[in-house]
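So the sequence shown is residues 1176 to 1319, counted in this note's numbering.
Positions of the beta carbon are idealized from the N, C-alpha and C atoms, including for glycine.
Below is one structure, written out as structure tokens; the observations come after it.
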Amino acid sequence: MIIDSLRNYIKKCPCLDTFNNAIKVNVNYLEPYADTYSIEEVPIEPIVKKYVNGDSIRQYAFIFTSRKPYGVDVLQNIDNSGFYEKFADWIEDNNNNNYIFPLLDNKLEPLEVKVTSTGYAFAVTEDTAQFQIQLKLKYFKKGK
């Protein structure tokens, strides 16, 4: 499954360890307390291009989200933003320099993981905030 491949891929991000050692990444569920992570699916037209032989270029949109401490401490808030900058840089480096992608199931070949938004605070409470960044996986699917 694509979501599981993305989860395993993101768990390898070195900046997860620098962010309070949280390496548990949920799927479609963000726990209500600080220092938690999740990947959430986003609806999108999956087929980008279809070939006559049945092969296709496809896309899979998703959000990487976290709940972090938040409040008047400007250093904590800067750290929260800095995490998403480092995360986006890691994704970009994997695409441009290393060609490191999620391991997908048979007949699926990853082409690119692209960051489609900057990290931003999405939902704020008195002492935590949900931050998220939007991404897109582009992949090749072999026809039948």
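Whole-Å CB distance - Pro1277 paired with Tyr1212, under 8 Å assumed: Taking the sequence shown and counting its residues from 1, the one referred to as residue 1277 is at position 102. Taking the sequence shown and counting its residues from 1, the one referred to as residue 1212 is at position 37. So it is not a contact: roughly 16 Å between Cβ atoms.
Selection from Gly1318, Lys1319, Lys1317 and Leu1312 that minimises the alpha carbon distance to Val1217: Sequence index remark: in the sequence shown, residue 1217 carries index 42 (1-based). Residue nearest to Val1217 within the set Gly1318, Lys1319, Lys1317 and Leu1312 is Leu1312 (criterion: CA-CA distance).
Residues near Asp1179 in its chain [Cβ-Cβ closer than 8 Å; skip 5 each side]: For the purposes of this step, residue 1179 is taken as the residue at position 4 of the sequence shown. Cβ neighbours of Asp1179 within its own chain (closer than 8 Å, five residues either side excluded): Val1202.
Among Ser1292, Leu1310 and Lys1317, the one whose alpha carbon lies nearest that of Asn1281: Counting from one through the sequence shown, the residue named residue 1281 turns up at place 106. Among Ser1292, Leu1310 and Lys1317, the Cα nearest to that of Asn1281 belongs to Lys1317.
Straight-line Cα distance separating Ile1214 from Ala1263: Locating residue 1263 in the sequence shown gives position 88, counting from the first residue. Locating residue 1214 in the sequence shown gives position 39, counting from the first residue. Distance between the alpha carbons of Ala1263 and Ile1214 is about 15 Å.
DSSP beta-bridge partners of Leu1331: Residue 1331 lies beyond the residue range present for the chain, which begins at 1176 and ends at 1319; the question has no answer from this structure.
The segment 1295–1307 in contact with the segment 1219–1230 per 3-pair CB rule at 8 Å: Contact fails: fewer than three Cβ-Cβ distances are below 8 Å.
Cα-Cα separation, Glu1284 to Tyr1235: By one-based count along the sequence shown, residue 1284 stands at place 109. By one-based count along the sequence shown, residue 1235 stands at place 60. When rounded, the distance between both Cα atoms is 13 Å.
Enclosing beta strand (DSSP E) for Tyr1204 [first to last residue]: Reading the sequence shown from its first residue, position 29 is the one you call residue 1204. Judged by DSSP secondary structure, Tyr1204 falls outside any beta strand (DSSP E); it is assigned neither H nor E.
Cβ-based burial, Gln1305 [other Cβ within 10 Å; buried from 16]: Here residue 1305 corresponds to residue number 130 of the sequence shown, with the count starting at 1. Buried, since its Cβ has 16 or more Cβ neighbours within 10 Å.
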